[in-house]
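Counting from 1, position 215 in the sequence shown corresponds to residue 554 in the numbering used here; the numbering is continuous, with no gaps.
Idealized CB from N, CA, C, for every residue including glycine.
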Amino acid sequence: MSAALQINRLNKSFVTPSGVVHALKDIQLHVRPGEFVTIIGPSGCGKSTLLKIIAGLDIDYDGEVLLDQQPVRKPGIDKGFIFQEHRLFPWLTVERNIAADLPLSRHDTRRKVDDLIEAVRLKGFEKAYPRELSGGMSQRVAIARALLRNPKVLLLDEPFGALDAFTRGHMQEVLLDIWRRNKTMMIFVTHDIDEAVFLGNRVVIMDPRPGTIRGVIPIDLPYPRKKSSGSFQEFRRRVLSEFEKIDEPELVDSYGI
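Written out as structure tokens, the structure reads:
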């Protein structure tokens, strides 16, 4: 199967008061349609920068990024982005946050919103406001909003990083359920090795400064996965073993990379 997302020889640098920071170097990554790829690496290795480039939020780079053979030059509805903070509109209800600028009076919009509310397990909270929701529930609204326009790829930048362990585990299950239903290509950044192995078809491990791909480990485990199983722990050890070989650079200002 051909790659839906192609990243070829991608390089990215920032100019800072202390000099030039090489955020990404020679990134080569191809992702197939419907694939779930997780990216893990230390702080400052360029994970978030890579997502922003794929999303079209940063076009100041060298190299090539193609989505369905088309160069990525700007943001668009074909690329959904989920941040660590849910970024909901506090004055809108759950259903109106999901619909965003689309009128709920339209039958097709109403049907899609209702289907997504059910998919993210928020039935009964359609009229609730963000202040009435937990952190995990708010992130589910953000995911539903991103999926409403059927993006080709959903980019998730540590979306569960601020959640407690129980809620985080629940959200991982919800996300996998959505992925199995929609088969949307997903690229998920995390610091959590268990999360990376639990979610991904492949785990991409990045080195810092400059950000490079150290290795890619296929996770040949069927879904649903059990974190306590011996096979899961074996893949976890493989990822951890590779991760522990990373040499941390001297601490400098990361500039959000």
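Residue burial classification, residue i (beta-carbon count within 10 angstroms, cutoff 16)
{"i": "residue 462", "result": "exposed"}
{"i": "residue 496", "result": "buried"}
{"i": "residue 547", "result": "buried"}
{"i": "residue 308", "result": "Residue 308 is absent from the structure shown; the chain starts at 340 and stops at 596."}
{"i": "residue 403", "result": "exposed"}
{"i": "residue 579", "result": "exposed"}
{"i": "residue 359", "result": "exposed"}
{"i": "residue 479", "result": "buried"}
{"i": "residue 477", "result": "buried"}
{"i": "residue 498", "result": "buried"}
{"i": "residue 411", "result": "buried"}
{"i": "residue 484", "result": "buried"}
{"i": "residue 383", "result": "buried"}
{"i": "residue 490", "result": "buried"}
{"i": "residue 391", "result": "buried"}
{"i": "residue 355", "result": "exposed"}
{"i": "residue 434", "result": "buried"}
{"i": "residue 569", "result": "exposed"}
Identified DSSP bridge partners for residue i
{"i": "residue 290", "result": "Any answer about residue 290 is impossible in this case: the structure gives the chain only from 340 up to 596."}
{"i": "residue 604", "result": "For residue 604 there is no data in the structure shown, the boundaries of the chain being 340 and 596."}
{"i": "residue 476", "result": "In DSSP, residue 476 forms no bridge with anything."}
{"i": "residue 377", "result": "527, 542"}
{"i": "residue 333", "result": "Here the chain comprises residues numbered 340 to 596, so residue 333 is not present and cannot be evaluated."}
{"i": "residue 360", "result": "353"}
{"i": "residue 421", "result": "495"}
Cut-off 7 Å between Cβ atoms - residues of its own chain near residue i, not counting five sequence neighbours on either side
{"i": "residue 488", "result": "416"}
{"i": "residue 363", "result": "349, 350, 351, 385, 388, 389, 549, 550"}
{"i": "residue 559", "result": "none"}
{"i": "residue 564", "result": "537, 571"}
{"i": "residue 599", "result": "Residue 599 cannot be examined here, being either before or after the span of the chain that is shown, 340 to 596."}
{"i": "residue 451", "result": "487"}
{"i": "residue 407", "result": "343, 491"}
Spatial neighbours of residue i in its chain, beta-carbon cut-off 6 Å, leaving aside the 5 residues before and after
{"i": "residue 345", "result": "369, 405"}
{"i": "residue 500", "result": "423"}
{"i": "residue 557", "result": "541"}
Neighbourhood of residue i by C-beta, 8 Å cutoff - its chain only, sequence neighbours within 5 removed
{"i": "residue 399", "result": "351"}
{"i": "residue 581", "result": "544, 553, 554, 556"}
Three or more C-beta pairs closer than 8 Å, one from the region 521-540 and one from the region 499-511: is that the case here?
yes
At least three beta-carbon pairs within less than 8 Å, the region 426-434 to the region 468-480:
yes
Three or more C-beta pairs under 8 Å: does that hold for the region 516-535 against the region 367-377?
yes
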